[in-house]
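For the sequence shown, position 76 matches number 76 in the UniProt record's numbering, and the numbering has no gaps at all.
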Amino acid sequence: MFVGAATRDLSTELFGLTLASPLFMAPIGVIGLCAQDGHGDLATARAAARTGVPMVASTLTVDPLEDVAAAFGDTPGFFQLYTPTDRELAASLVRRAEAAGFKGIVVTLDTWVTGWRPRDLSTANFPQLRGHCLANYTSDPVFRASLPRPPEEDRQGAVLRWAQVFGQPLCWDDLSWLRSLTELPLIVKGICHPDDARRAKDGGVDGIYCSNHGGRQANGGLPALDCLPAVVEAADGLPVLFDSGIRSGADVIKALAMGATAVGVGRPYAYGLALGGVDGIVHVLRMMLAEADLIMAVDGYPTRKDLTPDTLRRVD
């Protein structure tokens, strides 16, 4: 108290970019299907343009990555890569992301194969196998060259090929190859152990992304928030992005106080999209930002540097 927090500053420096806030929209595969018009990726990008909140666009989109990037306006965006088994295809996707203007490549490490998800199994919820959200593959020249017939003529053949190449179980030996694909910032997603953070930093990555994939892959896994402090310490100054379980502005503030550089939200903006399209996402993001700002006001934290671990108390 008595710190005069009449104005607050949540601005964030990330990979040479100056962002108005530390909030970003985490990648959600098949988000395109959450929109009533079936183009949720474009809606999310348009919400990014309206709010200044960056979007991390998934590999699994209804619309090609070039169309998504074109909707960002002046807001930076990042491309999330599910690394395929075909290295030429991986390189092609990264080249396209660079050419489209994405500002970084986020490589997902923890979901080269989906976890045991009984609810999805009971509802046959795997839209990719029905040909949905594969636009980044069917529009890619390397992927198309691997098909006996164009995907427009043989949709199921394209789906089968996608299933064959989708997930590469990455090893540490692959990191130098990934690093060689781009001069854009390289961020590795799914790091929850400090030893992995240290080794990734030594391997030349530009950012660590602490995430347990929203807690929806490994039953009984540790909450990502519990892993965050040790990952931040091990990153030793490298930017640490964080997601998993963020539902409010209060959650954003807690993650920042625990050392996150930027904080990703997932499900809440998907709900906003499903209910209200672009306006729904914008509403969700603005509510979260307003709550974060007001918490800083009433608790007396004028700037981000005032949000430190000792501002938190754990209640068991």
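Virtual Cβ for every residue (Gly too), placed ideally from N, Cα, C.
Start and end residues, alpha helix (DSSP H) containing THR123: No alpha helix (DSSP H) contains THR123, which DSSP labels as neither H nor E.
Chain-order list of residues whose beta-carbon lies under 6 Å from that of VAL142 (same chain, five-residue window excluded): Here the set comprises GLU88, LEU89 and SER92.
GLY29 and LEU65 closer than 8 Å at C-beta: No.
The beta strand (DSSP E) enclosing CYS210, as first and last residue numbers: It spans 207-210 - the beta strand (DSSP E) in which CYS210 sits, taken as one unbroken run.
Validate contact between the region 162-178 and the region 210-225 using beta carbons, cut 8 Å, 3 pairs: These segments do not touch.
Opposing strand residues paired with PHE166 [DSSP bridges]: In DSSP, PHE166 forms no bridge with anything.
For MET55, the first and last residue of its enclosing beta strand (DSSP E): First-last of the beta strand (DSSP E) with MET55: 55-57.
Within the region 241-298, ranges of the beta strand (DSSP E) (whole runs, at least 3 residues): Runs found: 262-265.
Best match in ASP236, HIS193, LEU81 and LYS201 for proximity to CYS227 [C-alpha to C-alpha]: Ranking the options by Cα distance to CYS227, first place goes to HIS193.
Proximity to VAL188 [Cα-Cα], best of ALA200, VAL94 and GLY73: Taking only the C-alpha atoms, the option nearest VAL188 is ALA200.
Beta-carbon proximity check, ASP9 vs PRO239, cutoff 8 Å: The answer is no: Cβ separation not under 8 Å.
Nearest-angstrom Cβ-Cβ length linking CYS179 and GLY204, presumed shorter than 8 Å: What sits at residue 179 in the sequence shown is Arg, not Cys. Correct: roughly 5 Å between the Cβ atoms.
Separation of LEU33 from GLY131, as counted between CA atoms: Taking the straight line from one Cα to the other gives about 12 Å.
Cβ separation of residue 386 and ALA250, assumed to be a contact under 8 Å, to the nearest whole Å: This structure cannot settle anything about residue 386, because the visible part of the chain is limited to 1 through 316.
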